[in-house]
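*Asks:*
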Amino acid sequence: MRSNRTFLRALLLLFLILVAGVSYFHFRHHLDFVQALYYVIITISTVGFEAPPVDLGSEGRLVLIGLIGLGVGTAAYSFSLAVSHIVEGELANILELRRMQKQIQNLKGHIIVCGIGRIGKMIAKELREHGKQVVCLDRDEEVLAELRREGYLTLQGDATEEPLLNQAGIERAEVLVSAMPTDAESVFLTLTARFLNRKLQIVARGTDEGAERKLRRAGANVVILPTLIGGRRMAQAVLLPNVMDFIDLTTGKGAHALRLDEIKIPPCSSYDGVPLSKTDLRSRYGLIIVAIRKPDGVMRFNPSSETTLESGDILVALGESSHLEELRETLPGQC
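To convert a position in the sequence shown, counted from 1, into the working numbering, add 15.
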């Protein structure tokens, strides 16, 4: 920013010298504007073309000497600043990209978001707010530059190409989110990502149920249809307004906002082998256990108070964000 201001000041000084020189030759020696401008330009640039036939006298020659000194010096200084600004900018970009590449190489269990449109940006922001490490991939350098200013890790290029996915550390990633603009790109990306990492969790966006089938065949674990979800939600807002108000509460922000979250029971946890009724999940944390996914994949909705918790269980819990975070911090086992 400071170099920008210096460069602008140098350009302003050069412009003022130009105006002063043109004014002098126009008013003092009665040259027309074009002749005066031509005289000043060939003087400052030291081109040395034929000058207008005019007797400058001693005063004019002194002005010309000063104009050459100031003009040439200022022009050279402005040019050097411009070159320096370009070189430093390019160098800064190269160093920034290398720094990011090194950071990405050290990531493990991160999330790769491909396609940074409106939905892609929202996904990246939400994941980052929840403390996830995110790498954003897109073709548009301007979009990525904006994200970099906000502290995101980015890579520019075609997300369907293997080299770019390898640069993003796909073999070490936990999840890949495909928010590509077309179904064809999303399917191709899913195929490529699944080939590069068989264990990768792939969440893909599709436009309709036909695209969903293709994406699942390509290897997507989860397919989201924004149009279908948006249409259903708008209809429910008409049919079930109170239910929708409650759902909106669970997606709010802040420590006291309600949130649906997943809590996994780790090995040797104090909750391992304990019935729900004997835990402090309700009394201490104020949580409502909506469902439990057992290690075998079976989902039990509205579990009874006598349901015994086991290590590996995933609790779907509803409660305040602050209480959920408190539980998450105190939950690790003591093996």
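The beta-carbon is built from N, C-alpha and C at its ideal position, and this holds for glycine as well.
Taking Leu291 as the reference, give the member of Pro310, Ala332 and Phe261 with the closest Cα.
*Replies:* Per the Cα distances, Ala332.
*Asks:* Is the beta carbon of Ser320 closer than 9 Å to that of Asp287?
*Replies:* In this structure, Ser320 does not lie closer than 9 Å to Asp287 by Cβ.
*Asks:* Ordered along the chain, which non-local residues of its own chain (more than five positions away) have a Cβ less than 8 Å from that of Thr345?
*Replies:* Taken in chain order, the list of residues that qualify is empty.
*Asks:* Give the secondary structure of Gly246 by DSSP, where H, G and I count as helix, E and B as strand, and everything else as coil.
*Replies:* Helix at Gly246.
*Asks:* Assign Asp153 to one of two classes, buried (16 or more other C-beta atoms within 10 Å of its C-beta) or exposed (fewer than that).
*Replies:* That one is buried.
*Asks:* Taking only three categories from DSSP, how would you classify Phe30?
*Replies:* Note: Phe30 maps to helix in three-state DSSP.
*Asks:* Which residue wins for smallest C-alpha separation from Arg144, given the options Ser336, Cys129, Gly312 and Ala306?
*Replies:* Looking at the sequence itself, residue 144 is Glu, so the reference to Arg does not match. The residue with the shortest Cα to Cα distance from Glu144 is Ser336.
*Asks:* Can you give, in chain order, each stretch of the alpha helix (DSSP H) that sits fully within the segment 107-173 and has at least 4 residues?
*Replies:* List check, alpha helix (DSSP H) in window: 133-144 and 156-164.
*Asks:* Roughly how many angstroms lie between the CA atoms of Met259 and Ile280, to the nearest whole one?
*Replies:* About 30 Å.
*Asks:* Starting from Lys229 and walking both ways along the beta strand (DSSP E), at which residues does that stretch end?
*Replies:* First-last for Lys229: Glu224 to Ala233, but that is the alpha helix (DSSP H), not the beta strand (DSSP E).
*Asks:* Determine the closest residue to Arg220 out of Glu200, Arg213 and Leu211, with distance taken between C-alpha atoms.
*Replies:* Among Glu200, Arg213 and Leu211, the Cα nearest to that of Arg220 belongs to Glu200.
*Asks:* Go to Val190, then tell me how far its beta strand (DSSP E) extends in each direction, as first and last residue.
*Replies:* Residues Val190 to Ser193.
*Asks:* Comparing C-alpha positions only, which one of Asn181, Thr169, Pro256 and Thr175 sits nearest to Thr205?
*Replies:* Checked all of Asn181, Thr169, Pro256 and Thr175; the closest Cα to Thr205 is Thr175.
*Asks:* Would you call the segment 130-137 and the segment 186-201 touching, i.e. three or more CB-CB distances under 8 Å?
*Replies:* These segments touch.
*Asks:* According to the Cβ coordinates, are Leu296 and Leu330 closer than 9 Å?
*Replies:* A contact, by the Cβ cut-off of 9 Å.
*Asks:* Residues in its own chain within less than 7 Å of Arg24 by CB, not counting five upstream and five downstream?
*Replies:* Around Arg24: no qualifying Cβ.
*Asks:* Who are the near neighbours of Pro178 in its chain, counting only those whose CB is closer than 7 Å to its CB and skipping five residues on each side?
*Replies:* The answer is none, since no qualifying residue turns up.
*Asks:* Quick one: using the 10 Å Cβ neighbour count with 16 as the cut-off for buried, is Val218 buried or exposed?
*Replies:* Classification for Val218: buried.
*Asks:* Do you know how far the Cα of Leu110 is from the Cα of Phe261?
*Replies:* Going from the Cα of Phe261 to the Cα of Leu110 covers about 48 Å.
*Asks:* Determine the closest residue to Thr207 out of Leu180, Ile56, Glu157 and Arg343, with distance taken between C-alpha atoms.
*Replies:* Minimum Cα distance to Thr207 is reached at Leu180.
*Asks:* Spatial neighbours of Leu243 within its chain, please: CB distance less than 8 Å, with the 5 preceding and 5 following residues excluded, ordered by chain position.
*Replies:* Closer than 8 Å at the Cβ level, and outside the excluded window around Leu243, lie Asp223 and Glu224.
*Asks:* Between Leu302 and the rest of its own chain, which residues show a CB-CB distance below 6 Å, the 5 nearest in sequence each way excluded?
*Replies:* Only Leu296, Ala332 and Gly334 meet the Cβ criterion.
*Asks:* I'd like to check one pair, Val158 with Ile127: are the Cβ atoms closer than 9 Å?
*Replies:* No, the Cβ-Cβ distance between Ile127 and Val158 is not below 9 Å.
*Asks:* Just the Cα atoms here: how many angstroms apart are Phe316 and Ile304?
*Replies:* Distance between the alpha carbons of Phe316 and Ile304: 9 Å.
*Asks:* Using the C-alpha atoms, what's the distance from Pro318 back to Gln120?
*Replies:* Looking at the two C-alpha atoms, the distance is approximately 43 Å.
*Asks:* Quick one: give me the first and last residue of the beta strand (DSSP E) that Glu335 is part of.
*Replies:* Unbroken beta strand (DSSP E) run through Glu335: Ile329 to Glu335.
*Asks:* When DSSP labels each residue in this structure, what does Pro196 get in the three-state scheme?
*Replies:* If DSSP states are grouped into helix, strand and coil, Pro196 belongs with coil.
*Asks:* Based on the DSSP output, what are the partners of Arg274 in its beta bridges?
*Replies:* Paired residue(s): Thr266 and Gly334.
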